[in-house]
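Since the structure comes first, as structure tokens, the remarks are kept for the end.
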Amino acid sequence: SKYYEAQQRKQRRIDGRVREMKDRLAGIKAPQPVDALILELERKRDLSRTIVHVDMDAYYAAVEMLGPPVIPPEVPIAVGSSGMLSTSNYAARKFGV
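Below you can see the structure in the form of structure tokens.
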């Protein structure tokens, strides 16, 4: 039938494209200089130090809210001194603090 023939043509086109893609993929190889660079960097890597980064986003505000008096989270607060603001809670950040 015409439908069957059209489907066969369509499938042959698809199979041809798949073969082309597989051939291109087989030809792709990581360049040797990159492999050498990776080995060089691995050899120079210094694991004698440990660096820890702790993001304490709103930590001090959360501590202040815990007690006494307990401050509900929807109340905007900021923590700091008269010359410097350390942090604010998320409710205060809605107002640009």
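Position one of the sequence shown corresponds to residue 1 (our numbering), numbered consecutively onward. Every residue gets a Cβ at the ideal spot worked out from N, C-alpha and C, and that includes glycine.
The alpha helix (DSSP H) that contains residue i, what's its start and end?
i     : result
VAL54 : Looking at the DSSP string, VAL54 is not in any alpha helix (DSSP H), and its letter there is neither H nor E.
GLY67 : Premise fails: GLY67 is in no alpha helix (DSSP H) and is neither H nor E.
LYS94 : Neither: LYS94 is in no alpha helix (DSSP H) and is coded neither H nor E.
ALA58 : Note, ALA58: premise wrong, no alpha helix (DSSP H); not H, not E.
Starting from residue i and walking both ways along the beta strand (DSSP E), at which residues does that stretch end?
i     : result
LEU47 : Neither: LEU47 is in no beta strand (DSSP E) and is coded neither H nor E.
GLY80 : 78-80
SER86 : 85-88
In the structure shown, what three-state DSSP assignment does residue i receive?
i     : result
PRO33 : helix
ILE28 : coil
GLU5  : helix
VAL18 : helix
GLU40 : helix
Below 8 Å on the Cβ atoms is my contact criterion, and I expect residue i with residue j to pass it. Report the Cβ-Cβ distance as a whole number of Å.
i     : j     : result
SER88 : VAL75 : SER88 to VAL75, Cβ: 11 Å. No contact.
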